[in-house]
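Mapping of the sequence shown onto our numbering: residues 8 to 131, in sequence order. We treat Cβ as the ideally placed atom computed from N, Cα and C, and that holds for glycine. Source: prediction; values computed, not measured.
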Amino acid sequence: MRNLFIISFMFLGLTACSKPVDEAIYVAVEVCENIRDADFDMLDIADADLIQQYKDLREYDKKLFKRTVQEKMDCKVTDVEAGSNEDSFRVNFVNANSLNVALDLSSDDFKVKYEYRDTSNLFF
Numbered sequence: 008m009r010n011l012f013i014i015s016f017m018f019l020g021l022t023a024c025s026k027p028v029d030e031a032i033y034v035a036v037e038v039c040e041n042i043r044d045a046d047f048d049m050l051d052i053a054d055a056d057l058i059q060q061y062k063d064l065r066e067y068d069k070k071l072f073k074r075t076v077q078e079k080m081d082c083k084v085t086d087v088e089a090g091s092n093e094d095s096f097r098v099n100f101v102n103a104n105s106l107n108v109a110l111d112l113s114s115d116d117f118k119v120k121y122e123y124r125d126t127s128n129l130f131f
């Protein structure tokens, strides 16, 4: 029981010390993987318009969604570009559109705000 408390406190200490860039990367990867897996229940971490675009594509043509998104999307992070301050980041992936992750002032958490459409070859 004592070991459980020690491990819990260590984990809390590590998460409290995380950098904004680490939090932004975590959110971006989670959104990317959820899109790839067609799990669109992520309004708490991604803009509704971004989610709706992929949802609409899947509903319009499931075969196209499977062929272009689910089979090709690679959510491994290649690099991260910081904005003018540490409240926004552009997270780039191996083969997925880059995501803009910014601090959401209403919740004090990072959230995917929009997607850069010119960075992947998913539809080629």
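Roughly how many whole angstroms lie between the Cα atoms of residue i and residue j?
{"i": "E69", "j": "V36", "result": "First, the amino acid is wrong: residue 69 is Lys here, not Glu. Spanning the two alpha carbons is a distance of roughly 23 Å."}
{"i": "S114", "j": "S91", "result": "21 Å"}
{"i": "P27", "j": "Y67", "result": "37 Å"}
From the DSSP output, in three-state form, read off residue i for me.
{"i": "E88", "result": "strand"}
{"i": "L112", "result": "coil"}
{"i": "N99", "result": "strand"}
{"i": "N41", "result": "helix"}
{"i": "E93", "result": "coil"}
{"i": "K70", "result": "helix"}
So is residue i buried or exposed if we call it buried at 16+ other beta carbons inside 10 Å?
{"i": "K118", "result": "buried"}
{"i": "S25", "result": "exposed"}
Between the Cα of residue i and those of the options, spot the shortest distance and give me the residue it belongs to.
{"i": "L112", "options": "I52, V87, F72", "result": "I52"}
So the beta strand (DSSP E) residue i belongs to, where does it begin and stop?
{"i": "F47", "result": "Careful: F47 lies outside any beta strand (DSSP E) and carries neither H nor E."}
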